[in-house]
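Down below is the structure, laid out as structure tokens.
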Amino acid sequence: MDSGKVKFFLGEVLRNFSRNTGMQVTAIGTVAITIVLLGLFLFVRAALADAGNRLLDQIEISAYLQSDATAGQATAIGHFLTQDPRIASAQFVPKKQGLAELRSRTRGSIDTALLTENPLPDKFRIKVRDPEQVEPVAATVRRLAGVDNVVYGQKIVQRLLALGTVLRKVGIGLILAFVGVAGIIISNTIRLTVFARRREIAIMQLVGATNTYIRLPFICEGLLDGIIGALVALGLLAIARAALWPRLLEALPWVQLTAMPVDARILAAQLILTGAAIGVLASWISVGRFLRT
Amino acid sequence: MISLRGVSLVYPNGVRALDNVSLEIGKGDFVFLVGHSGTGKSSLLRLLYREAASTAGEIVVDGIRVDRLRRNRVPALRRHLGVVFQDFKLLTDKTVWENVAFAMQVTGAHTRDVMRQVPRVLDLVGLSHKSRMYPNELSGGEQQRAAIARALVNNPKILLCDEPTGNLDPVNTTEITALLQRINLKGTTVVVATHNQAVVDRMRRRVVRLEDGRITTDEERGYYYLGLGQGQVLSG
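Chains as they are written, first to last, in the working numbering: chain D, 22 to 314; chain V, 113 to 348.
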């Protein structure tokens, strides 16, 4: 590779980048704000999803056996449950243990000593691997011979799952809106820098520079805007997290929040990539418009 | 080298800039395009370097069918041509050297070739001693010489000049004209659109006259004004 060529090219990029400081600051600021919003949103969504998942994880299915179910039927059910790939664990709880658990859970508010016989049936306590599978698994288990009734937190499961779907849809919409707005602003900013350099572009075209070559420095400029904007945003997000997180935990004690629901490195990489992509796309479009006229 | 057959150019706003123009320019020729403003001189040049696209006719420049040229092949055509304008079109934030080298660098030339070629053309136009100066520090004539150096740096076979002396005083005009002649003597085909009578009359080269988008005369050793015989002086 010709080092002189590379030097010339990088020199042109840096020169243009440092020349229109005002415009660069605008573009970088726009990217930064977008990425901050995007980062906040992704973080909040991950935190909510995390809290929701933990609620869902605690949900278990109780399959009560018919009082006249035979030991053979119980064994068959247990065998069936361990075969099902959707089920994480299935534990047989005999009625004695059920009563003991009931006693400890109610802590004496019900006097179980008054009971002349144990009213509880035997049951299986089932945990599924995926919260989405709670309902289908419950339906399957209900049909098994010897199973009387199946109980699980239907309402909670349904609501959480519905909430998750809504959040995902709203989230995708919001992200697209953010990125779109940022793209428009950056493409306008870059169009201004393109306009400021129209003489240079005209001369490049005159001496036979290809459109790709003319475009390249602007693309690099957009890329720089995007990456720097994303880095600024990451800095702001880190500061915001350090300052606000403890207060948030205090304010919302009933929400089970994890300190870091997402891998910070992955989130950072996603945000930087998004910034870079916005910058490149926006400059590509705005230079393209100029070259065509 | 340049061939136009039945070429017409109608701008989108309906103005007919050129009407059925046919013209042959051979290798190494020196041709003046003369005529009043708005008679199609610049339009004709613009067709040659494909800044404008003809609406009819056939254009061949250095073996390239310009009228059928696809947009992505335009850069290749322009590397066969040098173009010089009245307003020089130099980049004010680059030195003379950088302006000239720019034309090579943006076409992906090797640095070795840039280092060899730029001093050569600066020497040709007589600007070697001012290569580190910026355009604003130069006289109009020097700026035009820098622009000519830039047009020549890629070794084009054809040099197109659109009113190259339009912004210059008589002394600088003479210098630039002499420079164009020297370039022509080295074998480059030179086409100059001008309405500078003195330049045309002094040079006594081929003169193609345009009126209302048509070629009205084409003289081998012509004058600016039609019918002005050798030795005659226009009075008034």
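By construction, the Cβ of each residue, glycine as well, lies at the ideal position given by its N, Cα and C atoms.
Bear in mind that the values here come from a model prediction, so they are computed numbers and not experimental data.
- Query: Taking three-plus beta-carbon pairs below 8 Å as touching, is the segment 252-266 of chain V in contact with the segment 288-298 of chain V?
  - Reply: Segments in contact, yes.
- Leaving aside the five residues before and after residue 181/V along the sequence, list all residues of the same chain whose C-beta is less than 7 Å from its C-beta, in chain order. Start at 1 with the first residue of the second sequence, and residue 181/V comes out as number 69. Only 162 and 189 meet the Cβ criterion.
- Task: Work out the CA separation of residue 105/D and residue 302/D for me, nearest whole Å.
- Result: Numbered from its first residue, the first sequence carries residue 302/D at position 281. Numbered from its first residue, the first sequence carries residue 105/D at position 84. Near 48 Å, if we compare the C-alpha coordinates of residue 105/D and residue 302/D.
- Message: With the cut-off set at 8 Å, would you say residue 301/V and residue 171/V are in Cβ contact?
- Response: The residue given as residue 301/V occupies position 189 in the second sequence. The residue given as residue 171/V occupies position 59 in the second sequence. Contact check for residue 301/V against residue 171/V fails: the beta carbons are separated by 8 Å or more.
- Task: Determine whether the Cβ of residue 117/V lies closer than 8 Å to any Cβ atom of chain D.
- Result: Locating residue 117/V in the second sequence gives position 5, counting from the first residue. Taking Cβ atoms only, chain D never reaches closer than 8 Å to residue 117/V, which makes this a no.
- Could you pull the start and end residues of the beta strand (DSSP E) that residue 194/V belongs to? For the purposes of this step, residue 194/V is identified with residue 82 of the second sequence, where counting begins at 1. Element bounds for residue 194/V: 193-197.
- Report the rounded CA-to-CA distance for residue 332/V versus residue 316/V, giving the unit in angstroms. Against the second sequence, residue 332/V aligns to sequence position 220. Against the second sequence, residue 316/V aligns to sequence position 204. Approximately 8 Å between the Cα atoms of the pair.
- Contacting positions in the segment 209-232 of chain V - beta carbon closer than 9 Å to chain D: Under the 9 Å Cβ criterion, the segment 209-232 of chain V contributes 211, 213, 214, 215, 216, 217, 218, 219, 220, 221, 222, 223, 224, 226 and 227.
- Item | Segment contact flag, the segment 75-92 of chain D with the segment 163-173 of chain D, C-beta cutoff 8 Å, min 3 pairs | Contact holds between the segment 75-92 of chain D and the segment 163-173 of chain D, because three or more Cβ pairs, one in each stretch, are under 8 Å apart.
- Contacting residues, own chain, Cβ-Cβ under 7 Å from residue 164/V (five flanking each side not counted): Stepping through the second sequence from its first residue, residue 164/V is reached at position 52. Counting only residues of its own chain and dropping the five nearest sequence neighbours on each side, residue 164/V has a CB closer than 7 Å to the CB of 121, 155 and 158.
- Task: Report the rounded CA-to-CA distance for residue 214/D versus residue 37/D, giving the unit in angstroms.
- Result: Here residue 214/D refers to the residue found at position 193 when the first sequence is read from its first residue. Here residue 37/D refers to the residue found at position 16 when the first sequence is read from its first residue. Rounded to the nearest whole angstrom, the CA to CA distance from residue 214/D to residue 37/D is 8 Å.
- Query: Applying a beta-carbon distance threshold of less than 7 Å, which residues of chain V neighbour residue 29/D?
  - Reply: For the purposes of this step, residue 29/D is taken as the residue at position 8 of the first sequence. By Cβ distance, chain V contributes 217.
- Could you tell me whether the Cβ of residue 23/D comes closer than 8 Å to any Cβ of chain V? Sequence index remark: in the first sequence, residue 23/D carries index 2 (1-based). Taking 8 Å as the threshold, the shortest C-beta distance from residue 23/D to chain V falls below it.
- Item | Residue-level contact to chain V via CB, residue 231/D, 8 Å cutoff | For the purposes of this step, residue 231/D is taken as residue 210 along the first sequence, with counting starting at 1. In terms of beta-carbon proximity, residue 231/D lines the interface with chain V, with at least one pair separated by less than 8 Å.
- Message: Taking the alpha-carbon of residue 251/V as reference, which of 283/V, 273/V, 226/V and 230/V has the nearest alpha-carbon?
- Response: The count along the second sequence starts at 1 and reaches residue 251/V at position 139. The shortest Cα separation from residue 251/V among 283/V, 273/V, 226/V and 230/V belongs to 283/V.
- Message: Rounded to whole angstroms, what is the Cα-Cα separation between residue 245/V and residue 222/D?
- Response: The sequence position of residue 245/V within the second sequence is 133, counting from 1. The sequence position of residue 222/D within the first sequence is 201, counting from 1. Linking residue 245/V to residue 222/D through their CA atoms gives a straight-line distance of about 22 Å.
- Message: Pull the bridge partners of residue 130/V from the DSSP assignment, please.
- Response: Here the question's residue 130/V lines up with position 18 in the second sequence. 121/V, per the DSSP bridge assignment.
- Query: Which term fits residue 103/D, buried or exposed, when burial requires 16 or more other beta carbons within 10 angstroms of its beta carbon?
  - Reply: Here residue 103/D is taken as the residue at index 82 of the first sequence, counted from 1. With a 10 Å radius around the Cβ and a threshold of 16 neighbouring Cβ atoms, residue 103/D comes out exposed.
- Query: For residue 57/D versus residue 254/D, is the C-beta spacing smaller than 8 Å?
  - Reply: As a working mapping, residue 57/D is identified with position 36 in the first sequence. As a working mapping, residue 254/D is identified with position 233 in the first sequence. Going by C-beta atoms, residue 57/D is nearer than 8 Å to residue 254/D.
- Task: Measure the C-alpha to C-alpha separation of residue 262/D and residue 256/D and round it to an integer number of angstroms.
- Result: Numbered from 1 along the first sequence, position 241 holds the residue referred to as residue 262/D. Numbered from 1 along the first sequence, position 235 holds the residue referred to as residue 256/D. Between residue 262/D and residue 256/D, the alpha-carbon positions lie close to 10 Å from each other.
- Task: Grab me the residues of residue 139/V's own chain with a C-beta within less than 7 Å of its C-beta, minus the 5 sequence neighbours each way, in chain order.
- Result: Against the second sequence, residue 139/V aligns to sequence position 27. Hits under 7 Å: 113 and 301.
- Message: What would DSSP say about residue 309/D, mapped onto helix, strand or coil?
- Response: Against the first sequence, residue 309/D aligns to sequence position 288. Judged by DSSP in its simplified three-state form, residue 309/D adopts helix.
- Task: Run through the segment 137-205 of chain D for me and flag every whole alpha helix (DSSP H) of 4 or more residues, listed as ranges in chain order.
- Result: Runs of the alpha helix (DSSP H) spanning 4 or more residues and lying entirely within the segment 137-205 of chain D occur at 155-163, in chain order.
- Message: Just to confirm my understanding: we take residue 232/D, look at its own chain, exclude 5 residues before and 5 after, and list those with CB closer than 7 Å. What are they?
- Response: Numbered from 1 along the first sequence, position 211 holds the residue referred to as residue 232/D. Excluding positions up to five away in sequence, the list reads 312.
- Message: Using the three-state DSSP reduction, which class does residue 343/V fall into: helix, strand or coil?
- Response: In the second sequence, the residue the question calls residue 343/V occupies position 231. Because residue 343/V sits at a pLDDT of 48, beneath the cut-off of 50, its placement in the model cannot be relied upon, and the following sentence gives the value as read from the coordinates. DSSP places residue 343/V in coil when its eight states are reduced to three.
- Query: Quick one: any contact between the segment 235-244 of chain D and the segment 287-294 of chain D, if contact means 3 or more CB pairs under 8 Å?
  - Reply: When Cβ pairs closer than 8 Å are counted between the two stretches, the segment 235-244 of chain D is seen not to touch the segment 287-294 of chain D, the count staying below three.
- Query: Can you tell which of 264/V, 297/V, 116/V and 117/V has its C-alpha closest to the C-alpha of residue 196/V?
  - Reply: The residue labelled residue 196/V in the question sits at position 84 within the second sequence. Closest option to residue 196/V, Cα to Cα, is 264/V.
- Query: Terminal residues of the continuous alpha helix (DSSP H) containing residue 234/D?
  - Reply: For the purposes of this step, residue 234/D is identified with residue 213 of the first sequence, where counting begins at 1. Where residue 234/D is concerned, the enclosing alpha helix (DSSP H) stretches over 232-272.
- Task: Could you list which residues in chain D have their beta carbon closer than 9 Å to that of residue 201/V, in chain order?
- Result: Taking the first residue of the second sequence as 1, we reach residue 201/V at position 89. Result: 220, 223, 224 and 227.
- Message: Considering Cα atoms alone, identify which of 133/V, 127/V and 276/V is closest to residue 327/V.
- Response: For the purposes of this step, residue 327/V is taken as the residue at position 215 of the second sequence. In this structure, 133/V is the residue among 133/V, 127/V and 276/V with its C-alpha nearest to the C-alpha of residue 327/V.
- From residue 99/D to residue 145/D, what does the alpha carbon distance come to, in whole angstroms? Locating residue 99/D in the first sequence gives position 78, where the first residue counts as 1. Locating residue 145/D in the first sequence gives position 124, where the first residue counts as 1. One C-alpha to the other measures close to 8 Å.
- Since residue 323/V sits in a beta bridge, which residues does DSSP pair it with? Working through the second sequence from its first residue, we reach residue 323/V at position 211. According to DSSP, residue 323/V bridges with 326/V.
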